[in-house]
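What follows is a short report on a single structure.
2 protein chains.
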Amino acid sequence: MEVVTTDALSRVFAALADPTRRDMVARLSEGDATVSRLAEPYRMSLQAVYKHLRVLEEAGLVSRPRGPQPRPVRLEIEALDLMDTWIERHRDRVERRYRRLDAVLAEMETDGHEEGHEDGRRGRPEGAGHPDDA
Amino acid sequence: MEVVTTDALSRVFAALADPTRRDMVARLSEGDATVSRLAEPYRMSLQAVYKHLRVLEEAGLVSRPRGPQPRPVRLEIEALDLMDTWIERHRDRVERRYRRLDAVLAEMETDGHEEGHEDGRRGRPEGAGHPDDA
DNA sequence: TGGGCTTTCAACCTCAAGGTTGACGAGAGG
DNA sequence: CCTCTCGTCAACCTTGAGGTTGAAAGCCCA
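Those protein sequence lines, which keep their order, are chains D and L.
Counted the way my numbering counts, the first sequence spans residues 1 to 134.
Counted the way my numbering counts, the second sequence spans residues 1 to 134.
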């Protein structure tokens with residue numbers, strides 16, 4: 001069966017990997033809208049838009065009461081927060097690591113060594129390697 | 001030829017939509033690593049890992065000198081910043097909007113007006129509609 | 001110089017993603 | 001009541017993503 005059960009984070013990232021969907025989110029961040037209203041700007045069938053909407057919904061980025069009448073689609077920010085958390089975490093780690101490296105390099109420079117950093121690159125000690133999880 | 005030229009943002013989001021790739025980024029945020037070292041924990045061929053790496057590279061999330069010897073893979077944070085910026089922008093918009101709505105609703109409640117919200121959500125004025133870009 | 005290790009490319013397979021068209025159902029409004 | 005519209009579902013098509021195997025190439029070392 002392999003019910004892939006793609007994890008939440010993957011769904012959110014994947015949902016936002018599509019420019020159309022990202023644009024929808026952008027527009028929804030300004031205010032709710034009905035499906036057909038949302039579809040207006042795009043050169044694709046209403047059904048396609050509906051599908052995109054479903055992707056966003058399954059990613060938790062959007063919520064809406066289902067039904068035939070013109071019902072509004074609303075943006076939910078929890079999913080954005082989810083991504084944000086992930087990104088910040090790793091970005092911080094990298095930055096911390098860079099800072100550490102800079103310190104090490106600075107110390108090495110007291111030996112009178114100069115770094116070839118014309119593109120702002122740091123050295124890479126390639127240490128660590130902790131196969132830690134996400 | 002259709003050089004799709006997927007935009008940068010799409011590439012970054014898509015790159016992180018895969019759990020394996022996300023794990024790679026997580027591990028790289030702790031320190032650089034060679035391709036084979038990176039591949040160790042995963043139960044897939046080395047070539048598959050290499051492909052993932054290429055995706056990350058094209059998304060600008062990773063950089064590495066190409067060549068036959070064991071060369072280190074390094075995480076680049078600019079791409080993370082790119083996403084971060086996008087996310088924050090829209091999240092802020094939504095939050096501002098929610099705050100505004102809350103204010104409006106609070107004001108309306110002084111009139112004793114009822115809202116058709118069977119799912120506990122806030123009201124939706126559906127105004128704006130600026131098909132503004134991402 | 002030959003062997004082994006690493007990285008890389010290429011051909012192939014499978015399946016899901018994004019899109020299309022066609023049809024259906026429920027409300028709103030004449 | 002009939003109809004029009006909006007949202008929804010379903011079947012189908014095409015392409016690209018993720019994986020595999022096989023093989024080529026460059027560097028290091030004995």
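Beta carbons are placed, not taken as given, at the ideal position from N, Cα and C, and that holds for glycine.
Within 10 angstroms of the beta-carbon of L/Ser45 lie fewer than 16 other beta-carbons, which makes it exposed. Its chain contains Gly60 as the residues whose beta carbon lies nearer than 7 Å to that of L/Glu78, once the 5 sequence neighbours on both sides are disregarded; these appear in chain order. Taking a Cβ-Cβ threshold of 9 Å, none of the residues of chain L is close to D/Ala39; the smallest such distance is about 11 Å. Among the residues facing chain D, L/Met24 is not included, as its CB has no counterpart in that chain under 7 Å away. Pairing D/Gln69 with D/Ser36, the inter-Cα distance amounts to about 11 Å. As the crow flies, the alpha-carbon of L/Leu16 is around 13 Å from that of L/Leu75. With respect to L/Leu80, D/Arg64 sits apart: the two C-beta atoms are not nearer than 7 Å. Residues of the same chain with a CB within less than 7 Å of the CB of D/Tyr42, apart from the 5 flanking positions on each side, are Thr20, Val49 in chain order. With fewer than 16 neighbouring CB atoms inside 10 Å of its own CB, D/Asp7 falls in the exposed class. Sequence-ordered contacts of the region 61–88 of chain L with chain D read Pro72, Arg74, Leu75, Ile77, Leu80, Asp81, Met83, Asp84, Trp86, Ile87, Glu88 [C-beta pairs closer than 8 Å]. Burial state of D/Arg22 is buried, judged by a 10 Å Cβ sphere holding 16 or more other Cβ atoms.
Beyond the five residues adjoining it in sequence on each side, D/Glu57 comes within less than 8 Å, by CB distance, of Ser63, Arg64 in the same chain, given in chain order. In the DSSP secondary-structure assignment, L/Ser63 is bridged to L/Arg74. Less than 7 Å separates the beta-carbon of D/Arg93 from that of L/Ser29. Taking the Cα positions, D/Glu88 is about 8 Å away from L/Asp84. Between the alpha carbons of D/Glu95 and D/Leu38 lies a distance of about 39 Å.
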